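Presented below is the structure to which this report refers.
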Amino acid sequence: MSDTLTEVQAVEETVVEETPTPAPEAEATKPVEAPKAEAPKAEKPKAARPKSTAKKTRTVELTLTVTGTAEGEWQADLVHGTQRVVSGLVIPAIAVAKAAKELHEDIAEGIETVLEAARDQHRTRMEELEAELARVKAQLAELSE
């Protein structure tokens, strides 16, 4: 470590001996800095690239949530980023089925399963109502005689 310190002192002494006055010392440092500043300027033209002609794709974050009940009632919620655009919009079941078929076969199968369960439930309810209607008509006929 003492060798390094001695070499630094020798270099400092040499610089001091070569520049006897402070004014030339300031002038000597300016030309040394100027070539350093010019070297990066020469590199900039090398780095120039032609501009890309490809379109930059801008993505939009939209979240559409479609919710269905066992009774076959459907509603939609739409969120753009963090802002809710639509909330609780009633959607007909046929529109949901058509949209699902357009999106993907797997989605359509899942939704069709829910729709079929709703159809079965409505058929059962319709049969119950028809039976009740027949009973009420029979009672009305008895009262009319």
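Sequential numbering of the sequence shown, starting at 89, is according to the working numbering.
All residues carry an ideal CB built from backbone N, CA and C; glycine is no exception.
Keep in mind the model is a prediction, meaning the values are calculated, not measured.
- Check whether the Cβ atoms of K71 and A183 lie closer than 8 Å to each other. Past the boundaries of the shown model lies residue 71; the chain is included only from 89 to 233, so the question cannot be answered.
- Message: Does R146 come out as helix, strand or coil in the three-state DSSP assignment?
- Response: For the purposes of this step, residue 146 is taken as the residue at position 58 of the sequence shown. Reduced to three states, the DSSP call for R146 is coil.
- 8 Å Cβ cutoff met for L150 and H168: The residue you call residue 150 lines up with position 62 of the sequence shown. The residue you call residue 168 lines up with position 80 of the sequence shown. Taking 8 Å as the Cβ cut-off, L150 and H168 qualify as a contacting pair.
- Message: With a threshold of 8 Å between beta-carbons, can E161 be considered close to chain D, or not?
- Response: The displayed structure is made up of one protein chain only, and chain D is not part of it.
- Do you know how far the Cα of V148 is from the Cα of P138? By one-based count along the sequence shown, residue 138 stands at place 50. By one-based count along the sequence shown, residue 148 stands at place 60. Roughly 28 Å separates the two Cα atoms.
- How do the region 175 to 182 and the region 209 to 226 stand: do at least 3 beta-carbon pairs fall below 8 Å, yes or no? no
- From the DSSP output, read off the bridge partner residues of V178. Position 90 of the sequence shown, counting from 1, holds the residue named residue 178. The partner list for V178 (beta bridge, DSSP) reads Q163.
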